[in-house]
Structure formats: C-alpha cells, structure tokens
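Beneath this line is the structure, given in structure tokens, with notes to follow.
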Ligand SMILES: Nc1ncnc2c1ncn2[C@@H]1O[C@H](COP(=O)(O)OP(=O)(O)OP(=O)(O)O)[C@@H](O)[C@H]1O
Ligand SMILES: [Mg+2]
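Residue numbers (my numbering), protein chains in the order written: chain Z, 143 to 405; chain G, 279 to 579.
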C-alpha cells in the first residue's frame with residue numbers, strides 16, 4: 143500500500159473519468175421528491191385525506207349549507223382544509239429525511255444539499271398547485287348546481303392568484319418550520335401552536351390588535367382568500383408576517399441543513 | 279481508488295478522527311478495522327461529504343466527492359443499512375435511487391436478483407425486513423449505479439455465515455474486475471477473510487496498515503515437530519529462541535529460518551506457519567486501550 147502524495151490524474155490506474163457523468167436534472171429531482179411523498183403509507187394517506195376532505199367539505203356545504211353558494215364560497219371551503227394540510231405535507235417532505243434517516247442515501251446521491259432542498263420546495267409547490275386545481279374543478283362543477291344567480295361574481299385572475307399565494311405561503315411556512323426543526327412532530331406542533339398563541343395574544347390584548355396584525359400571519363394571510371383586493375397596509379402586514387414566520391425560519395433551516403452532519 | 283490524507287474531525291474537544299492517511303487501491307479490498315467508536319463511520323461520512331472534515335482531504339478516483347456530477351454512478355455508498363424509510367418497500371427504495379441516478383427501472387430487478395431478494399420480499403415494507411435483508415438491500419443500493427468504488431460501513435453486520443461468504447465472493451469478484459472496495463468492520467475474522475489490505479484504526483488514529491501478511495510478519499512463527507526438543511535445542515544453537523505455545527512452539531524468527539534448521543538436522547516438521555493471533559493481539563490491544571470492558575465491569579458493581 144503506497145501513501146504517495148501526488149494527486150491521482152487522468153491515466154493513472156485509480157483515476158475515474160467523470161467527463162461523461164451528468165448530474166441529475168432539477169426536474170428529475172423534483173419528480174423523485176414528489177414520488178417520495180406518494181410511496182409511503184403516511185404520505186399517500188395524507189394526499190388521499192387532502193383530496194377526500196376537499197370533496198367532502200364542499201359536498202357538505204352544497205347539501206346542508208345556504209342555497210346561493212358562489213364559486214368564491216366553494217373555493218374558500220376548499221381553502222380551509224387545504225390551508226391546514228398542505229403545510230403538513232411540506233413539513234414531512236423535509237423532515238422525513240431526518241426522521242427516517244433516508245438523508246444518508248439522498249445526500250450521498252446528491253451531495254449538493256441545496257439542490258435537494260430547492261427540489262423539495264418545488265415539489266411542495268407542485269402539490270399546492272394540484273390541490274388548488276382540484277379545488278377549482280370542484281367549485282366549477284358545484285357552482286351551477288348550487289344555482290346562485292351571482293355564482294361567478296368576484297372571480298378574477300387577481301383573486302385566484304391571491305388564493306394560490308395564500309396556499310403557497312402556508313406550504314412554505316410549513317416547509318420552513320420543518321427545515322428549521324428537522325423533526326416532524328416538533329415542526330407540525332410548532333406550526334399550529336405558534337400562530338395559535340399569536341391569535342390568543344391578539345384576542346386578549348385588544349388594545350394592541352392593530353399592531354399585532356403585523357406579526358399575525360395566519361390572520362393577515364386569510365385576507366388573501368377574500369375576493370376584494372388588499373390595501374397597501376394589508377400587503378405590508380402579510381410581508382412582515384412572512385419575513386418573521388417564513389423567511390426567518392427558512393433561512394435558519396437552510397443554514398442548518400447545509401452545515402449539518404448527516405448521520 | 280480512494281485517497282485519504284491527513285483527515286481530521288473534532289467534536290468540541292474530542293478528536294474522533296485524528297490525522298489519518300491511507301490509500302484504498304483499485305483491484306483490492308481494503309478492510310477498515312477498528313473497535314467500536316474508533317472513528318470508522320465518521321471517516322466514511324467525511325469521504326462522501328456528509329460530515330465536513332476539520333482538516334485533510336479525500337479524493338475518490340482523483341476527485342473530490344462533491345465534484346462528481348452523478349456520484350452514485352461512480353461511488354457506491356452504504357453507510358447504514360437501517361437508515362431506510364420503514365414504510366417503503368424494498369423495491370421502492372431501490373427505485374428511488376435508480377430514478378435519482380437516471381437509471382432504467384430494469385436495473386432495480388437486476389440488483390434485487392444480484393443480492394437474492396425475491397420478488398415477494400422486494401414487495402414487503404422495509405420495517406418488516408430482517409437485519410440481513412436490510413443489509414442486502416443496502417448493498418444492492420450501493421451497487422445500483424455500477425460504480426467503480428465501493429464504500430461500505432459494516433456491510434457484513436447481520437449477515438449469516440452463508441451471507442458473509444456470498445458477500446466475500448461478491449466483493450472479491452468486484453475487486454478482481456478492477457473495482458476499489460473499502461469496507462469497515464469491528465470483527466477481525468470477518469475482515470481477514472475478505473480484505474487484501476488492512477487499515478487498523480483505534481481512537482481515531484491509524485495504528486497499523488498493510489496486507490494481513492505484512493502485519494502478521496512481526497508476530498513470529500509457530501511450529502510443531504516430531505522431534506520437538508531436538509529442534510528447540512538446534513534453534514537455540516543458531517541463536518533462535520523458541521517458547522512453548524499450546525501444542526507447539528513460537529519464535530520471533532521467520533518460518534524459513536526454522537525450516538532451514540529443521541532440514542539441516544533432518545527433523546520432521548508437522549506444522550510451520552506465521553503465528554496466529556498477531557493481528558488478534560494487536561486488535562485486542564487496541565480494544566483494550568479504549569477500556570470499554572473495564573467501564574462496564576465497574577458499572578455493574
Ligand atoms: N456528533 C458527535 N458529537 C460528539 N461525538 C461524536 C459525534 N459523532 C461521533 N462522535 C464520536 O466519535 C467517535 C467515533 O464514532 P464512529 O461512529 O465514527 O465510530 P465507529 O468506528 O464507526 O464505531 P462502530 O464500530 O461502533 O460503528 C465515537 O467516540 C463517537 O462517540
Ligand atoms: Mg460505525
């Protein structure tokens with residue numbers, strides 16, 4: 143066994159020619175991440191539940207709710223369960239690599255961890271878009287059945303985009319908590335507990351309600367689901383909320399994952 | 279070929295891996311041997327960029343692992359066979375790796391066949407796998423991309439004797455075709471059977487490296503003879519001291535020296551070989567230094 147210190151170069155016996163080696167494309171990585179969410183019982187059931195609850199909640203309102211439900215109403219019904227469950231899915235996308243320690247394989251095959259992280263984020267957004275498409279489909283089918291005379295009032299590209307934005311913010315929020323905490327249970331509990339605490343504080347400390355809206359993202363972002371457009375101040379409040387609850391934990395999470403020892 | 283140079287990893291004050299250097303050559307199986315906590319897994323994680331080294335470098339085939347575009351196709355890695363999603367089927371585990379590397383799904387079947395996991399077993403979820411089946415799955419995963427370098431952490435762990443023999447054949451064949459194999463173990467016998475080269479590590483430092491023969495050379499010679507007393511006397515006349523061991527004798531001289539003396543005196547040798555236990559002693563010395571046994575004895579009063 144030699145311990146010569148000259149670097150191994152092309153032509154040396156142990157040299158590996160990597161000129162024909164191509165790194166996995168970003169699309170392929172996103173596909174793999176989507177697949178990872180559908181190939182376990184837990185992930186598959188979460189997807190089934192998201193779909194089923196969306197259908198059931200709309201059907202329930204159609205049958206037992208008021209008579210003149212509009213497209214907007216139906217889309218908002220879908221938004222409730224989806225707004226809760228899609229972030230959970232986003233949490234799991236990140237944390238499963240740690241909880242199940244699959245990161246050992248994932249990050250051996252793709253050692254540039256940032257690529258995996260971006261692929262996971264993209265996968266989360268693909269799921270959001272798919273869920274939203276289902277919601278739109280359901281609302282489109284149910285609006286004529288419901289028979290409201292002004293069924294399509296208020297439907298606009300702006301509003302639809304704001305609804306997607308709300309769902310995306312929720313998913314990225316979950317993703318950020320997952321990345322920062324790297325533990326499914328921790329991340330899911332904190333994701334729900336933290337806004338709840340903020341809302342409780344807001345409810346009790348009434349004199350500060352206006353000011354707290356700048357921190358209370360779960361309240362300020364629900365405005366996105368409403369069909370009338372937002373004021374500049376409302377946008378700004380969503381902005382500060384996103385900075386605090388999404389951008390900050392995301393930055394911490396990315397920093398942590400890029401540096402962490404995977405074991 | 280894996281080239282490790284001055285690799286060091288500290289956890290706070292504790293040095294888990296201390297300035298280790300060695301080369302794992304193509305066409306050979308290198309055994310990375312050391313007691314529990316010696317730093318084998320930490321070193322292997324550093325080789326593939328999962329743990330950042332504090333100092334030193336590793337090149338695989340002349341490259342930094344991070345610079346290999348599709349590393350799975352060049353370096354097969356098995357770090358922990360239990361680190362799989364318990365809810366995935368064995369086949370799916372392999373399929374995900376194949377998809378990541380951009381390999382056809384047929385490759386998954388080839389690998390399952392290679393490690394003798396049946397179709398039925400491949401459909402089971404990993405949580406229902408035995409340790410040995412997980413190990414086979416992990417080996418299949420490492421071999422998936424047809425790599426020229428293998429890095430395997432305790433691959434024989436959990437395999438039955440037939441499984442170990444199978445793996446020895448697999449890795450030997452792999453090395454014979456020019457592949458580089460680095461495998462770790464804390465069991466001397468296991469590695470001795472498979473490895474062409476040995477790197478012994480204890481408490482984060484390399485304490486010995488070479489072929490098993492080289493390492494055994496210093497351990498002396500064991501012999502048995504019909505006219506044992508005559509031979510011992512004759513050896514003494516030649517300045518070679520022999521001490522009784524078990525049913526024979528041990529000496530620091532080379533086997534050839536003993537053989538020559540025996541031939542001159544027409545003494546019938548029954549057994550002449552490098553003394554066993556040289557490696558074993560070295561290894562146990564290492565293990566003893568970590569004093570784990572003493573701690574446990576002290577603990578249960
Ligand atoms: N994150 C960490 N913080 C502190 N110490 C650590 C950390 N990771 C590993 N160590 C220590 O580093 C040493 C080497 O561990 P390592 O897992 O590399 O040993 P090993 O040779 O693989 O042992 P085994 O045969 O038991 O697998 C151990 O003493 C371990 O406790
Ligand atoms: Mg280990």
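Beta carbons: idealized from backbone N, C-alpha and C, even for Gly.
Taking the beta carbon of residue 249 of chain Z as reference, the chain G residues within 9 Å of it are 326, 327, 328, listed in sequence order. At least one CB atom of chain G sits nearer than 8 Å to the CB of residue 184 of chain Z.
Residue ranges of uninterrupted alpha helix (DSSP H) with 4 or more members, entirely inside the stretch 429 to 470 of chain G and ordered along the chain, are 439 to 454. Ranked by Cα distance from residue 167 of chain Z, the first of Z:186, Z:178, Z:283, Z:258 is Z:258. Rounded to whole angstroms, residue 465 of chain G and residue 368 of chain G show a C-alpha spacing of 28 Å.
Residue 349 of chain G belongs to the set of residues whose beta carbon lies under 8 Å from a beta carbon in chain Z. The three-state secondary structure of residue 337 of chain G, taken from DSSP, is strand. Counting other Cβ atoms within 10 Å of its Cβ, residue 215 of chain Z reaches 16 or more and is therefore classed as buried. Taking C-beta atoms as the reference points, residue 383 of chain Z and residue 366 of chain Z fail to come closer than 8 Å. Judged by DSSP in its simplified three-state form, residue 355 of chain Z adopts coil rather than helix or strand. The stretch 398 to 424 of chain G contains, as complete alpha helix (DSSP H) runs of 4+ residues, the segments 409 to 421 (chain order). Distances from the alpha-carbon of residue 305 of chain G to those of G:480, G:452, G:544 put G:452 closest. Per DSSP, the continuous alpha helix (DSSP H) segment holding residue 325 of chain G begins and ends at 318 to 325.
At least one heavy atom of ligand 1 is found less than 7 Å from the C-beta of residue 319 of chain G.
DSSP, reduced to helix, strand and coil, places residue 257 of chain Z within a helical segment of the structure shown. Of all alpha-carbon atoms in Z:164, Z:149, Z:151, the one lying nearest the alpha-carbon of residue 423 of chain G is that of Z:164.
The C-beta distance from residue 460 of chain G to residue 310 of chain G rounds to 6 Å, short enough to fall under 8 Å. Burial state of residue 339 of chain G is buried, judged by a 10 Å Cβ sphere holding 16 or more other Cβ atoms. Collapsing the DSSP output to three states places residue 484 of chain G in a strand.
Residue pairing by DSSP places residue 293 of chain G opposite G:288 in a beta bridge. For the set Z:252, Z:270, Z:369, Z:378, the Cα lying nearest the Cα of residue 213 of chain Z is the one of Z:369.
Neighbours of residue 413 of chain G in chain Z, taken as residues at a C-beta separation under 8 Å, are lacking, since the least C-beta distance is about 14 Å. Within the same chain, and ignoring the five residues on either side of residue 222 of chain Z in sequence, the residues whose Cβ sits closer than 8 Å to its Cβ are 199. When rounded, the separation of the alpha-carbon atoms in residue 489 of chain G and residue 325 of chain Z is 45 Å. The Cβ atoms of residue 359 of chain G and residue 415 of chain G sit closer than 8 Å to each other.
The contact set of residue 395 of chain Z on chain G, defined by CB atoms closer than 9 Å, is empty, because the minimum CB distance reaches about 18 Å.
Residue contact with chain G for residue 311 of chain Z: absent (no Cβ-Cβ distance below 8 Å to any residue of chain G). A Cβ of chain Z is located within less than 8 Å of the beta carbon of residue 323 of chain G.
Restricting attention to Z:280, Z:240, Z:234, the CA atom closest to the CA of residue 195 of chain Z is found in Z:280. The contact set of residue 304 of chain G on chain Z, defined by CB atoms closer than 7 Å, consists of 155, 156 in chain order.
Using a CB distance below 7 Å, the part of the stretch 364 to 386 of chain G facing chain Z consists of 364, 365, 366, 370, 374, 375, 377, 378, 379, 380, ordered along the chain.
Per DSSP, residue 312 of chain G lies in no beta strand (DSSP E) segment and is marked neither H nor E.
For residue 209 of chain Z, the closest Cβ of chain G is not nearer than 8 Å. Chain Z has no Cβ within less than 8 Å of the Cβ of residue 473 of chain G.
Residue 533 of chain G: member of the alpha helix (DSSP H) spanning 533 to 542, first to last residue. At a beta-carbon threshold of 7 Å, the residues of chain Z lying near residue 341 of chain G are 158, 160, ordered along the chain.
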